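Worksheet: one structure, shown below.
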Amino acid sequence: MTDQRDIGGPRQPLLQVRDLLKHFPLKGKGLPFTSPRSAVRAVDGVNFDILKGETLGVVGESGCGKSTTARVLMQLINQDSGELVFDGETVGSRALPLRQFRRQTQMVFQDSYSSLNPRMTIEDSIAFAPTVHGLPSREAITRARDLLARVGLAPERFAGRYPHELSGGQRQRVNIARALALEPRLVILDEAVSALDKSVEAQVLNLLLDLKQEFGLTYLFISHDLNVVRFISDRVLVMYLGQVVEIGSSDQVFDQPKHPYTRALLKSMPSMDPLQRTMEAPLAGDPPNPINPPSGCRFHTRCAYVQPVCSQRAPTFASDDSGHGVACLRYEADTASLFSSEASHA
Amino acid sequence: MSTLQATAAITSANPPAYKRSRGHWANVAARIVRNPLAMTAAVILLALIGIAVFAPWIMPADPFATSMFTRLKPIGTPGHVFGTDELGRDLLSRLMLGGRLSLFMGITPVLTAFVIGSGIGILAGYAGGFINTAIMRTIDVLYAFPSVLLAIALSGALGAGIVNALTSLTIVFIPQIARIAESVTTQVRRSDYVDAARASGASAFTIVRAHVLGNVLGPIFVYSTSLISVSMILASGLSFLGLGVKPPEPEWGLMLNTLRTAIYTQPWVAALPGAFIFITSISFNMLSDGLRSAMEVKQ
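Note that the protein sequences, when read in sequence, are chains A and B. Mapping to the numbering used here: the first sequence position 289 is 289, numbers consecutive. Counting the second sequence from 1 gives a position; the numbering used here is that position plus 346.
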């Protein structure tokens, strides 16, 4: 299927994220009318590409900046610096105004209830975005009903209902239908299945895979559930304290993780084999405060491989030929020798 | 019940007919009708409004005709069911006609303030940031005055008269309604469905029209209804002080004021205008309570 909107060709990444930075200044610090001294460094220099047609999974602990990244990508909050390049065009430039970008990028939120207007029928909620972009309301309603049928909700039974008359899984299907109503190319799924119970989660995941196939979609799939990410993602990005620490294909990240944080995360996954049971907590403590992150490598306070150099020098992100990238001093040529070949307590 | 089932059968016989849930306002109406307290209040208010509107035709006597011989007759006097006031005027007729001004002065300032205050509050709440701070701090200056004091001060500055009293009451209520509107709008503004609407590329105006108004007007309206009783009491107070309605025009607050001299000779007659103010304001409060519970959306 060729999409006329595809201007950059298949090798042009659909979305390139360049040096994205978003700090939230803290209120109530310092005198009024002076600039605040401290800020939460929610997203602190993030770089990655989303390739056409792929599903890029994003994992990380709570508070590592996953959702802020998603909201900045949707331009619901503006970045402090950095740029987004969508199919070769900078978002917000004359070639790709924000409104055009939004037609092509949509988002599914975690909370299926609060993301639907409680006083609107679900078909009206789905039809809202197309009417905003000039589709006559009769056609928009028709499209909404088609989409409802497509996500598995019989329109003759569900179209006129209100959100509180649906179950969580049904509401999330409505949210997916709404995201698809503008025929986007990129769909950001921010913990879209996290609030659903396991059987419903599986149904919705399969629905997402089918829809991706049918509409030629690209997904950015944010989740804290590693099993789900492994199931749905082609590539995986690991975030820690507002920065990307590792990126690679799903197999690379899950089978040959490089970054100590990724290794620790994977160890925290409960094993299906009772004999392989995880005996100790692999990561001690909470993530450090993003207001005042640790010096050097941000992970050094919890890292099993930590060396004195880690608190002095920040690692730079580097990828190998296969596209497996990591930000860790153990993989940098001039510091690798400071680490013993295999950490004794890893 | 049988008609409902019949309708359902017809619907299922025609497959293209889409099941549509009742609209939000139809739900609210259905729920409030089932609330006995709110319905009682509504009936009382309708009766009071009806009496006030048709007063000139149903009054038993001329409310302006004075008589030195029938001053301060007790309740139940033949020809004067509710007695007479200090100038011998028929109190029932005066109460009926006085309801016009009293209700008018209770409802008009609140309606005007509802329109202006909601506008200000929704603007501040949706814009957020600096605009919000600028608007709300200005509103806070007015809000800081006790409402009675502010109404008296404004009326006093503008001079006595009905229009000036209405204006000053409107100014008293705008900050209160704007505050409620701002806080409800701020809440709705932060919800994911507004974010989703923004992500669809809709303009702020479209989002306010389609998503914000439906969710904020209800709570603001409920709060405003409860202000009607306050407005009536304040209007009565202004008249009592000679800042609102001028004699001999009947108005409940003014009547309460002039009859206060008779409190020892005819206490029941003197209390009647106050009783009417009380019944009206408590009915408005009960109606607004009923509205609030009827408007709650299931979570």
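Every residue, glycine too, gets a C-beta built ideally from N, C-alpha and C. Keep in mind the model is a prediction, meaning the values are calculated, not measured.
| message | Taking beta-carbon pairs under 7 Å, can you tell me which members of the region 518-551 of chain B lie near chain A? | response | Ser537, Asp538, Tyr539, Asp541, Ala542, Ala543, Arg544, Ala545, Ser546, Gly547, Ala548
| Near-chain B residues of the region 118-144 of chain A (beta-carbon distance less than 7 Å), N- to C-terminal order | Flagged, chain order: Pro118, Arg119, Thr121, Phe128, Ala129, Val132, His133.
| Under the three-state DSSP convention, the category histidine 345 of chain A falls into | On the first sequence, position 345 is the one that residue 345 of chain A refers to. Caution applies to histidine 345 of chain A, whose pLDDT of 45 falls short of 50 and renders its modelled position unreliable; the model cannot decide the point.
| So leucine 153 of chain A packs on glutamine 170 of chain A, CB below 8 Å; how close in whole Å? | As a working note, residue 153 of chain A is residue 153 in the first sequence. As a working note, residue 170 of chain A is residue 170 in the first sequence. The C-beta distance from leucine 153 of chain A to glutamine 170 of chain A rounds to 6 Å, short enough to meet the 8 Å contact threshold.
| In terms of DSSP beta bridges, what is aspartate 49 of chain A paired with? | Taking the first sequence and counting its residues from 1, the one referred to as residue 49 of chain A is at position 49. Looking at the DSSP assignment, aspartate 49 of chain A forms a beta bridge with A:Gln16.
| query | If the cut is a Cβ gap below 8 Å, which residues of chain B does phenylalanine 109 of chain A touch? | reply | If you number the first sequence from 1, residue 109 of chain A lands on position 109. Residues of chain B passing the Cβ test: Asp538, Asp541, Ala542.
| field | Residues from the region 441-473 of chain B in contact with chain A, defined by Cβ distance under 8 Å | value | Cβ proximity to chain A below 8 Å picks out nothing from the region 441-473 of chain B.
| Residue closest to threonine 371 of chain B, alpha-carbon to alpha-carbon, out of A:Ala127, A:Tyr162, A:Ala144, A:Ala42 | Here residue 371 of chain B is taken as the residue at index 25 of the second sequence, counted from 1. Note that residue 371 of chain B is tryptophan in the sequence shown here, rather than threonine. Out of A:Ala127, A:Tyr162, A:Ala144, A:Ala42, A:Tyr162 has the C-alpha closest to the C-alpha of tryptophan 371 of chain B.
| Any alpha helix (DSSP H) of 4 or more consecutive residues that is wholly inside the region 542-585 of chain B | 550-553
| task | Please check the pair glycine 434 of chain B and methionine 414 of chain B, which I expect to be a contact at CB under 8 Å, by giving their CB distance rounded to whole angstroms. | result | Within the second sequence, the letter at position 88 stands for residue 434 of chain B. Within the second sequence, the letter at position 68 stands for residue 414 of chain B. About 6 Å; that satisfies the 8 Å criterion.
| task | With 8 Å as the limit, tell me which residues of the region 580-612 of chain B have their beta carbon closer than that to any beta carbon of chain A; keep them in chain order. | result | Using a CB distance below 8 Å, no part of the region 580-612 of chain B faces chain A.
| field | DSSP beta-bridge partners of glutamate 83 of chain A | value | Walking along the first sequence from the start, residue 83 of chain A turns up at place 83. Paired residues: A:Arg18.
| Local conformation of aspartate 44 of chain A per DSSP, three classes | Looking up residue 44 of chain A in the first sequence gives position 44. Looking at aspartate 44 of chain A - three-state DSSP - the assignment turns out to be strand.
| field | Distance between beta carbons of glycine 583 of chain B and glycine 599 of chain B, contact taken as under 8 Å | value | Within the second sequence, residue 599 of chain B is the residue found at index 253, counting from 1. Within the second sequence, residue 583 of chain B is the residue found at index 237, counting from 1. The C-beta distance from glycine 599 of chain B to glycine 583 of chain B rounds to 6 Å, short enough to meet the 8 Å contact threshold.
| query | Exposed or buried, which one is proline 290 of chain A when buried takes at least 16 other CB atoms within 10 Å? | reply | Here residue 290 of chain A refers to the residue found at position 290 when the first sequence is read from its first residue. Proline 290 of chain A comes out buried.
| Contact the region 8-18 of chain A vs the region 43-56 of chain A: 3+ CB pairs below 8 Å | yes
| task | Please check if any C-beta of chain B sits within less than 8 Å of the C-beta of glutamine 203 of chain A. | result | Here residue 203 of chain A refers to the residue found at position 203 when the first sequence is read from its first residue. No, glutamine 203 of chain A lies away from the interface with chain B (no Cβ there is under 8 Å from its Cβ).
| request: Would you list the one or two residues that DSSP bridges to glutamate 246 of chain A? | output: Counted from its first residue, the first sequence places residue 246 of chain A at position 246. In DSSP, glutamate 246 of chain A forms a bridge with A:Val238, A:Val326.
| field | glutamate 156 of chain A (DSSP reduced to helix, strand or coil) | value | Sequence index remark: in the first sequence, residue 156 of chain A carries index 156 (1-based). Glutamate 156 of chain A: helix per DSSP, three-state reduction.
| field | Span separating the alpha-carbon of arginine 544 of chain B from that of asparagine 373 of chain B | value | If you number the second sequence from 1, residue 544 of chain B lands on position 198. If you number the second sequence from 1, residue 373 of chain B lands on position 27. Computed Cα separation, rounded: 28 Å.
| task | Please work out which residues of its chain come closer than 7 Å, Cβ to Cβ, to threonine 330 of chain A, disregarding the five sequence neighbours upstream and downstream, and give them in chain order. | result | One-based indexing of the first sequence puts residue 330 of chain A at position 330. Sequence inspection shows arginine at residue 330 of chain A; the threonine mentioned does not correspond to that position. Excluding sequence neighbours, arginine 330 of chain A sits near Tyr305, Ala336, Phe339.
| field | Bridge-paired residues (DSSP) for serine 295 of chain A | value | By one-based count along the first sequence, residue 295 of chain A stands at place 295. For serine 295 of chain A, which the question treats as bridged, DSSP gives no partner whatsoever.
| query | Taking Cβ positions only, does arginine 5 of chain A come closer than 8 Å to chain B? | reply | As a position in the first sequence, residue 5 of chain A is number 5, starting the count at 1. So no, arginine 5 of chain A is outside the interface.
| field | Under 8 Å between C-beta atoms of leucine 211 of chain A and leucine 180 of chain A | value | Taking the first residue of the first sequence as 1, we reach residue 211 of chain A at position 211. Taking the first residue of the first sequence as 1, we reach residue 180 of chain A at position 180. Yes, the Cβ-Cβ distance between leucine 211 of chain A and leucine 180 of chain A is below 8 Å.
| said: Could you compute how far the alpha carbon of proline 155 of chain A sits from the alpha carbon of leucine 147 of chain A? | reply: The sequence position of residue 155 of chain A within the first sequence is 155, counting from 1. The sequence position of residue 147 of chain A within the first sequence is 147, counting from 1. Straight-line Cα distance between these residues: approximately 9 Å.
| request: Measure how close the beta-carbons of alanine 72 of chain A and histidine 224 of chain A come, nearest whole angstrom, since I'm counting them as under 8 Å. | output: By 1-based counting over the first sequence, the position of residue 72 of chain A is 72. By 1-based counting over the first sequence, the position of residue 224 of chain A is 224. A small fix is needed here, since residue 72 of chain A is valine in this sequence, not alanine. That belief does not hold up - the Cβ atoms of valine 72 of chain A and histidine 224 of chain A are roughly 19 Å apart, past 8 Å.
| query | When the cut-off is 8 Å and only beta carbons count, does alanine 42 of chain A lie next to chain B? | reply | By one-based count along the first sequence, residue 42 of chain A stands at place 42. Interface annotation, alanine 42 of chain A: not in contact with chain B, CB-CB separation never under 8 Å.
| said: Distance check for phenylalanine 630 of chain B and leucine 383 of chain B, CA to CA, integer angstroms please. | reply: On the second sequence, position 37 is the one that residue 383 of chain B refers to. On the second sequence, position 284 is the one that residue 630 of chain B refers to. Straight-line Cα distance between these residues: approximately 11 Å.
| said: Quick check on DSSP: helix, strand or coil for aspartate 321 of chain A? | reply: Position 321 of the first sequence, counted from the start, is the residue given in the question as residue 321 of chain A. Coil.
| task | Report the residue from A:Gln110, A:Arg102, A:Val174 whose alpha carbon sits nearest the alpha carbon of arginine 121 of chain A. | result | On the first sequence, position 121 is the one that residue 121 of chain A refers to. One detail in the question is off: residue 121 of chain A reads as threonine in this sequence, not arginine. Nearest C-alpha to threonine 121 of chain A: A:Val174.
| task | For tyrosine 610 of chain B, count neighbouring Cβ atoms within 10 angstroms of its own Cβ and tell me buried if that reaches 16, exposed if not. | result | Here residue 610 of chain B is taken as the residue at index 264 of the second sequence, counted from 1. It is exposed - the Cβ of tyrosine 610 of chain B has fewer than 16 other Cβ atoms within 10 Å.
| request: Let me know the alpha helix (DSSP H) ranges lying completely inside the region 385-421 of chain B, each 4 residues or longer, listed in chain order. | output: 401-404
| So, is the C-beta of arginine 178 of chain A closer than 8 Å to a C-beta in chain B? | Looking up residue 178 of chain A in the first sequence gives position 178. Judged by the 8 Å Cβ criterion, arginine 178 of chain A is in contact with chain B.
| field | Cβ pair count under 8 Å reaching 3, the region 252-271 of chain A against the region 315-335 of chain A | value | yes
| task | Determine which residues share a DSSP beta bridge with leucine 186 of chain A and list them. | result | As a position in the first sequence, residue 186 of chain A is number 186, starting the count at 1. For leucine 186 of chain A, which the question treats as bridged, DSSP gives the partners A:Thr105, A:Thr218.
| Among A:Phe215, A:Val309, A:Ala95, which residue has its Cα nearest to the Cα of lysine 52 of chain A? | As a first step, residue 52 of chain A is located in the first sequence; it is residue number 52 there, counting from the start. Comparing Cα positions, the closest option is A:Phe215.
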